Amino acid sequence: MDYRLDPLWLKLNMMNAEGLQAFAPLMEAMQKQMGQNAEMAQRVIEEYRKFLFLAMRAGHQVIPPGPVNDVWMMHLQNAQNYWEQLGQMIAERPMAQGVDAKSFASMAETWKATLESYEKIFGMKPPMDIWGQGPAAENPWMQAMANWRKMFGLG
């Protein structure tokens with residue numbers, strides 16, 4: 004099945020169709036915090052949408068590349084947008100699956116499977132200037148938990 008016809012992709016695409024307004028705060032944060040220009044920020048957000056789709060459709064644990072993980076962490080910090088708007092839009096579940104110790108221990112295998120699923124689902128290799136940096140340096144779920152503890156003054 005062509006991923007572009009999948010109802011989930013169509014919903015994720017709606018976030019983009021709103022003139023990137025749904026992602027405007029992320030784009031602004033990326034430009035300020037990460038020093039990315041608007042074009043690169045938009046490309047990384049596109050890869051973030053693909054990562055969300057992969058996480059729901061690949062059928063296995065997926066790992067984001069570093070730049071996509073950074074956007075994911077920024078999105079998680081905006082809890083209302085992430086949990087309410089994204090969760091309601093995709094109407095399946097917000098993408099916040101944990102990376103268990105066993106999965107994270109076999110990160111190289113999971114990363115390889117993620118790249119293979121990307122190519123299989125999207126019909127192309129991932130852009131190397133974003134995905135070629137390798138997987139996020141640390142467990143994304145643990146990174147999110149650390150960010151939440153900071154937000155709520157718990158650590």
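If you're matching positions, the sequence shown starts at 4 in our numbering and goes up one per residue. Glycine included, every Cβ here is placed at the ideal spot set by N, Cα and C. None of the values given here were measured: they were computed from a predicted structure.
Quick one: measure Cβ to Cβ for isoleucine 66 and methionine 110, integer angstroms, because I've assumed they're closer than 8 Å.
-> 7 Å
Per-residue DSSP class, three states only, for proline 129 | Looking at proline 129 - three-state DSSP - the assignment turns out to be coil, as it is neither helix nor strand.
Looking only at its own chain, which residues have a Cβ that is under 7 Å from the Cβ of leucine 29, when we skip the five neighbours before and after it?
-> Ile48, Val74, Met77 and His78
Any idea what DSSP makes of proline 70, helix, strand or coil?
-> helix
For alanine 41, which residues of its own chain have a beta-carbon under 8 Å away from its beta-carbon, when the five flanking residues on both sides are left out?
-> Met30 and Gln34
With 16 other Cβ atoms within 10 Å as the buried cut-off, status of alanine 27 | exposed
DSSP beta-bridge partners of proline 138 | Pro68
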